[in-house]
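Top to bottom, those sequences are chains A and B.
As numbered in my numbering, residues 7 to 404 make up the first sequence, in order.
As numbered in my numbering, residues 10 to 425 make up the second sequence, in order.
One structure is given here, and the rest of the page talks about it.
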Amino acid sequence: MKKHHNNPDSCTACTVCIANCPVTAATRKFRGPKMVGPTLERMRLSHEDVEPSLEYCSNCKNCDMSCPSGVPISTLNMLARAKYYKTRKHSLRDWILSHGEKMAKLSAATPGMANFGMKMSRGILKQIGISEKAPLPPYAPKSFSKLFKALKQKSYPDKVVFYPGCFINYNDPQVGMDFVAVMQANKFEVIVEDGLVCCGSPLVVNGFLDEAEENAKTNIQILKKWTDKGYPVITCCTSCGLMLKQEYQELFHIEGVQEYAKHLYDAGEFLLDLHDQGRLNTDFGTLNEKYMYHSPCHLRAQGMGLPGLDLLALIPGLDVQDVDGGCCGISGNYGFKAEKYDIAMSIGSTLFDKIKESRLDTVVSECGTCRLQIGHGANVKTLHPMTLVRRAYEAKQK
Amino acid sequence: MMRENDIIVIGGGLAGLTAAAVAAKRGKKVMVLSLGAGTLTIGGGIVDVIGYLEGNKPVATPSAGLLQLPAEHPYKKIGRPAIEDAIKFFKEICEEEGYPYMGNLDTMQWVPTAAGTIKPTCLIPKTMNTEELQKANKVIVLGFESLKDFYPQLITKNFKKISRFKDKEYETVMIDPNLAEGRDVTALDVARWLDTEEGISECITKMRKVIQPGSVVIIPPVLGTRPNYRIADRLEQALQCHFIETASVPPSITGLRLRTMMVSYLKKIGVRIVEQATVAKSIVEADKCVAVVTEGIDRERTYYAKSFILANGGFYGGGLLAEPGKVIEPIFNLPVEAPEDHEMWANYSLFSNEAQPFAKLGLEVDEKMRPLDADGKVILNNVFVAGRNLRGYDYSFEKSGNGVAIASGYQAAMSV
Ligand SMILES: Cc1cc2nc3c(=O)[nH]c(=O)nc-3n(C[C@H](O)[C@H](O)[C@H](O)COP(=O)(O)OP(=O)(O)OC[C@H]3O[C@@H](n4cnc5c(N)ncnc54)[C@H](O)[C@@H]3O)c2cc1C
Ligand code: SF4
Ligand code: SF4
């Protein structure tokens with residue numbers, strides 16, 4: 007198994023990462039992955055050095071994906087950002103964007119008021135530095151955990167643990183419900199644990215590394231109980247997936263993470279593995295539909311290809327084409343920030359143009375915030391692959 | 010099993026991408042496992058076939074050069090007809106993608122470099138063609154303020170020493186892209202500036218002030234980052250001038266265009282590319298490879314296929330590893346003959362006229378590109394080797410890197 011290594015000295019200064027960094031392409035204010043990552047890291051090892059342009063890295067991981075020498079550039083950037091905030095105060099804006107889970111819980115305390123409140127407070131959000139144009143997601147009337155609890159699942163000996171993550175839990179619970187339906191169609195029972203917290207990805211990108219580590223410990227403790235027994239843990243959100251298995255290892259030193267990471271799966275990947283074992287329910291109805299597919303950077307970074315796309319290829323009649331338009335620009339909450347909004351839109355413009363050229367009205371993608379940004383930038387509807395898989399099962403039953 | 014592929018290509022450099030394209034065009038189900046973005050983005054984006062022979066002897070044309078190579082050279086195993094077909098295939102891809110390359114085996118193309126020298130090659134983007142330059146009486150060398158690595162005066166000075174370019178009148182001009190803010194300016198930044206509508210209109214306005222219609226203009230490789238000629242055509246039309254890009258230093262814009270084009274083409278013809286996939290080992294049964302295994306930070310993943318093409322580069326790409334006293338091919342553990350005495354690996358005299366012994370180390374193959382053992386026996390029947398990991402050539406010395414990558418990638422995929 008590959009061990010991560012945070013060694014900046016593996017950098018040969020080949021500049022491939024610069025050519026592949028979407029933020030470097032969009033703004034000259036960012037000095038670029040090589041300078042901000044490995045080059046400065048060497049200096050940071052010896053003395054305290056503040057690099058203001060570090061603020062611009064979106065942690066999209068395109069640099070890591072392109073580096074021929076395996077330097078975890080984005081992680082070096084996030085560690086440096088955390089170090090920066092060790093001695094400085096965070097803005098209120100960054101606190102709010104990093105603590106979506108806390109915000110969601112607060113809003114849930116005043117049911118029905120949350121989304122109304124959100125509209126009202128756009129002005130206030132603008133005041134604190136959240137772009138008024140940003141596609142902030144509304145809260146769902148009922149969270150995934152509420153919907154899940156009300157659901158009567160069939161019990162099966164095969165079980166998987168589902169990690170919903172904040173976005174699915176509070177903003178887009180239907181994706182989680184679709185996932186459960188798909189697993190049920192494959193004779194799996196889905197377990198959802200109560201004590202799980204935000205994976206920590208939004209905390210890391212805003213420099214709240216210590217808090218993210220606390221979250222990591224909480225999640226690992228709960229999930230490890232299952233993975234130790236060999237149960238798979240599945241995510242439908244690619245950023246949660248990347249965080250839970252890769253960034254926990256790169257950023258923190260927590261006992262036993264390497265063992266636990268072996269049992270973490272993306273939903274599409276898990277179902278394709280079932281297919282390889284001849285165990286996937288392929289009793290799909292025909293869906294005579296046509297879509298574009300966008301691959302989230304955080305999925306591409308996981309080294310498993312595009313399992314969602316391969317999975318959808320099994321559904322009769324369904325035609326799904328990879329847009330291949332690169333990063334959408336949003337990168338978690340990067341594109342919500344007032345000073346980053348234009349950068350994010352400029353990064354996403356290639357993707358948006360390609361989607362518009364296709365003249366299709368719906369785009370499929372695993373990542374919730376990619377879906378928000380694509381809906382906003384290309385003015386189309388969006389879907390998670392699990393929704394289509396569920397529909398294909400239902401089409402058969404009709 | 011749905012995920013069994015016909016062919017798995019290991020490595021996403023030019024050799025692997027070409028092999029994948031050829032195989033997919035032959036109707037095979039192809040998957041590329043690739044780590045990093047390959048050396049294409051730092052290489053020149055031009056296809057050298059053969060420029061020099063041992064002893065630093067220049068060749069008149071690639072065709073002539075091919076005839077004079079030693080038997081151990083990969084080209085000799087591939088053979089002239091396949092090399093020609095490979096080039097034709099490559100040029101067809103470029104044509105289809107709207108970024109046609111020009112050149113052929115019977116002509117040596119000479120491309121200008123940013124140092125004011127010229128370099129022999131075979132296939133080039135249209136923007137590097139020097140025909141107009143040779144015809145012109147007056148040449149303008151255009152630089153950009155604050156752009157490092159491109160000094161018009163240096164180019165002019167050195168061009169005057171080159172026989173085919175010396176009897177011309179040179180003028181150097183500068184324009185300011187106003188990109189000084191933020192970070193050092195590279196050709197990539199200027200190219201990205203020209204990618205935007207504001208950038209190109211601003212650039213045209215500024216160019217109008219310093220260049221006359223009808224000029225031949227040498228500029229750094231900044232004519233857009235995308236694999237097409239839209240920026241070049243737009244400038245030529247607006248200014249009624251002819252633009253010639255020089256070969257670039259990393260990050261190479263012409264290399265970036267070539268890679269973007271290849272990857273986009275592969276996706277269109279249904280090749281699956283798995284990024285961040287580091288192949289660590291293979292599962293071999295008798296004389297066949299059954300599967301290869303990638304190592305991730307989470308777990309290993311096994312990929313099955315009927316055949317495999319090993320195109321993971323040489324010492325630089327990661328396909329060969331140097332250890333004290335030996336060279337290792339890490340995935341199949343194929344034999345690499347290397348002098349035990351480390352001292353023998355390199356030719357230590359600086360600027361010598363001889364190729365570097367270590368650069369010629371690599372895997373021995375038969376004419377189908379299958380790996381051979383020391384006795385010349387095929388080791389694995391369904392594994393084919395392509396690109397920089399092949400034995401018997403020093404690409405940087407003889408100027409043959411991308412040519413061997415394309416020809417061997419083609420041959421490997423045709424042998425499957
Ligand atoms: C600076 C520079 C400039 C050059 N300029 C020119 C030029 O102008 N013209 C020319 O013709 N040639 C040029 N060359 C040479 C040319 O680039 C190479 O010879 C040629 O492209 C080699 O292609 P390749 O596919 O064999 O190897 P590479 O391009 O090295 O590709 C190998 C690929 O395999 C991947 N890989 C490695 N190990 C693994 C693994 N375990 N699992 C999965 N993937 C793996 C690597 O990441 C890489 O993507 C240049 C080379 C350099 C370094
Ligand atoms: S993570 Fe993304 S934005 Fe940050 S340096 Fe890497 S490529 Fe650029
Ligand atoms: S791609 Fe990797 S090796 Fe190359 S400059 Fe960037 S960090 Fe360094």
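Glycine residues also receive a C-beta, built at the ideal position from the N, C-alpha and C atoms.
Is the beta carbon of residue 265/B closer than 8 Å to that of residue 50/B? The sequence position of residue 50/B within the second sequence is 41, counting from 1. The sequence position of residue 265/B within the second sequence is 256, counting from 1. Cβ atoms of residue 50/B and residue 265/B: closer than 8 Å.
In chain B, which residues lie less than 7 Å from residue 26/A when you measure between Cβ atoms? If you number the first sequence from 1, residue 26/A lands on position 20. 46, listed in chain order.
Of all Cβ atoms in chain A, is any one closer than 8 Å to the Cβ of residue 155/B? Mapped onto the second sequence, residue 155/B falls at position 146. Residue-level contact by beta carbon fails for residue 155/B and chain A, as no gap is shorter than 8 Å.
Length of the line joining the Cα atoms of residue 194/B and residue 38/A: Sequence index remark: in the second sequence, residue 194/B carries index 185 (1-based). Sequence index remark: in the first sequence, residue 38/A carries index 32 (1-based). Going from the Cα of residue 194/B to the Cα of residue 38/A covers about 12 Å.
Which ranges would you report for the beta strand (DSSP E) in the segment 182 to 260 of chain B if only whole runs of at least 3 residues count? With a minimum length of 3 residues, the continuous beta strand (DSSP E) runs that stay inside the segment 182 to 260 of chain B are 225 to 228, 251 to 254.
If contact means a Cβ-Cβ distance below 9 Å, which residues of the segment 140 to 167 of chain A contact chain B? none
Quick check: what's the CA-CA separation for residue 30/B versus residue 275/B? To locate residue 30/B, count along the second sequence from 1; it is residue 21. To locate residue 275/B, count along the second sequence from 1; it is residue 266. C-alpha separation (whole angstroms): 6 Å.
With 16 other Cβ atoms within 10 Å as the buried cut-off, status of residue 82/B: Taking the second sequence and counting its residues from 1, one reaches residue 82/B at position 73. Label assigned to residue 82/B: buried.
Do you know how far the Cα of residue 310/B is from the Cα of residue 10/B? Mapped onto the second sequence, residue 10/B falls at position 1. Mapped onto the second sequence, residue 310/B falls at position 301. Residue placement at residue 10/B is flagged as unreliable, the pLDDT there being 46, under the threshold of 50; the coordinate-derived value follows with that caveat. Approximately 15 Å between the Cα atoms of the pair.
Going by DSSP, which residues form a beta bridge with residue 110/B? If you number the second sequence from 1, residue 110/B lands on position 101. BP columns for residue 110/B point to 134/B.
Can you tell me the Cβ-Cβ gap for residue 373/A and residue 353/A, rounded? I've got them flagged as a contact below 8 Å. Counting from one through the first sequence, the residue named residue 373/A turns up at place 367. Counting from one through the first sequence, the residue named residue 353/A turns up at place 347. Between residue 353/A and residue 373/A the Cβ distance is about 15 Å, and since that is not below 8 Å, they are no contact.
Grouping DSSP H, G and I as helix and E and B as strand, with all else coil, what is residue 337/B? As a position in the second sequence, residue 337/B is number 328, starting the count at 1. Residue 337/B: strand per DSSP, three-state reduction.
At the level of alpha carbons, what is the spacing between residue 236/A and residue 302/B? Sequence index remark: in the first sequence, residue 236/A carries index 230 (1-based). Sequence index remark: in the second sequence, residue 302/B carries index 293 (1-based). Cα to Cα, residue 236/A sits roughly 21 Å from residue 302/B.
Would residue 257/B be called buried (16 or more neighbouring beta carbons within 10 Å of its own) or exposed? If you number the second sequence from 1, residue 257/B lands on position 248. Flag for residue 257/B reads buried.
Hey, would you say the C-beta of residue 24/B is under 7 Å away from at least one heavy atom of ligand 1? Taking the second sequence and counting its residues from 1, one reaches residue 24/B at position 15. At least one heavy atom of ligand 1 is nearer than 7 Å to the Cβ of residue 24/B, so yes.
The beta strand (DSSP E) spanning residue 300/B covers which residue range? Counted from its first residue, the second sequence places residue 300/B at position 291. Bounds of the beta strand (DSSP E) holding residue 300/B are 297 to 304.
Roughly how many whole angstroms lie between the Cα atoms of residue 23/B and residue 393/B? Here residue 23/B refers to the residue found at position 14 of the second sequence. Here residue 393/B refers to the residue found at position 384 of the second sequence. If you take the alpha carbons of residue 23/B and residue 393/B, they lie about 15 Å apart.
On the three-pair Cβ rule with 8 Å, is the segment 217 to 234 of chain A touching the segment 262 to 275 of chain A? At 8 Å Cβ cutoff, the stretches touch.
Answer yes or no: does any C-beta atom of chain B fall closer than 8 Å to that of residue 388/A? As a working mapping, residue 388/A is identified with position 382 in the first sequence. False, the Cβ-Cβ gap to chain B never drops below 8 Å.
Please classify residue 346/B: is it buried, with 16 or more other beta-carbons within 10 angstroms of its beta-carbon, or exposed? Your numbering for residue 346/B matches position 337 in the second sequence. Counting Cβ neighbours within 10 Å, residue 346/B comes out exposed, since fewer than 16 surround it.
May I ask you to check if the CB of residue 320/B is nearer than 7 Å to at least one heavy atom of ligand 1? For the purposes of this step, residue 320/B is identified with residue 311 of the second sequence, where counting begins at 1. At least one heavy atom of ligand 1 is found less than 7 Å from the C-beta of residue 320/B.
Amino acids of chain A, ordered along the chain, whose beta-carbon sits closer than 7 Å to that of residue 286/B: Position 277 of the second sequence, counted from the first residue, corresponds to residue 286/B. In chain order: 309.
If you drop the 5 nearest sequence neighbours on each side, which residues of the same chain put their C-beta closer than 7 Å to that of residue 381/B? In the second sequence, counting from the first residue as 1, residue 381/B sits at position 372. Result list for residue 381/B: 373, 374, 375, 387, 388, in chain order.
Buried or exposed: which applies to residue 391/A, given that a residue is buried once 16 or more other Cβ atoms fall within 10 Å of its Cβ? Residue numbering aside, residue 391/A sits at position 385 when the first sequence is read from its first letter. Counting Cβ neighbours within 10 Å, residue 391/A comes out buried, since at least 16 surround it.
So does residue 45/B have its beta carbon nearer than 7 Å to some heavy atom of ligand 1? The residue given as residue 45/B occupies position 36 in the second sequence. Because some heavy atom of ligand 1 lies under 7 Å away, the Cβ of residue 45/B counts as near it: yes.
With the cut-off set at 8 Å, would you say residue 229/B and residue 196/B are in Cβ contact? For the purposes of this step, residue 229/B is taken as the residue at position 220 of the second sequence. For the purposes of this step, residue 196/B is taken as the residue at position 187 of the second sequence. Closer than 8 Å, so yes.
How far does the alpha helix (DSSP H) with residue 410/B in it extend, from its first residue to its last? In the second sequence, residue 410/B corresponds to position 401, counting from 1. Element bounds for residue 410/B: 410 to 424.
DSSP bridge partner residues for residue 40/B (one or two, in chain order): Sequence index remark: in the second sequence, residue 40/B carries index 31 (1-based). Its beta-bridge partners are 17/B, 281/B.
I'd like to confirm something about residue 30/A: is its beta-carbon nearer than 7 Å to some heavy atom of ligand 2, or not? Your numbering for residue 30/A matches position 24 in the first sequence. Under cutoff, so the answer is yes.
May I ask you to list, following chain order, the residues of the segment 293 to 304 of chain A that have a beta carbon less than 8 Å from some beta carbon of chain B? none
State yes or no: is the beta carbon of residue 328/A nearer than 8 Å to at least one beta carbon in chain B? Taking the first residue of the first sequence as position 1, residue 328/A is located at position 322. True, the Cβ-Cβ gap to chain B drops below 8 Å.
On the criterion of 16 or more Cβ atoms from any shown chain inside 10 Å, does residue 421/B qualify as buried, or is it exposed? Residue numbering aside, residue 421/B sits at position 412 when the second sequence is read from its first letter. Counting Cβ neighbours within 10 Å, residue 421/B comes out buried, since at least 16 surround it.
Is it buried or exposed for residue 414/B, if we count other Cβ within 10 angstroms and need 16 for buried? The residue labelled residue 414/B in the question sits at position 405 within the second sequence. Taking all protein chains in view, the Cβ of residue 414/B is crowded by 16 or more other Cβ atoms within 10 Å, so the residue is classified as buried.
Thinking C-beta only, is residue 203/A closer than 8 Å to residue 196/A? Residue numbering aside, residue 196/A sits at position 190 when the first sequence is read from its first letter. Residue numbering aside, residue 203/A sits at position 197 when the first sequence is read from its first letter. The answer is no: Cβ separation not under 8 Å.
DSSP-derived helix/strand/coil call for residue 379/B: Start at 1 with the first residue of the second sequence, and residue 379/B comes out as number 370. If DSSP states are grouped into helix, strand and coil, residue 379/B belongs with coil.
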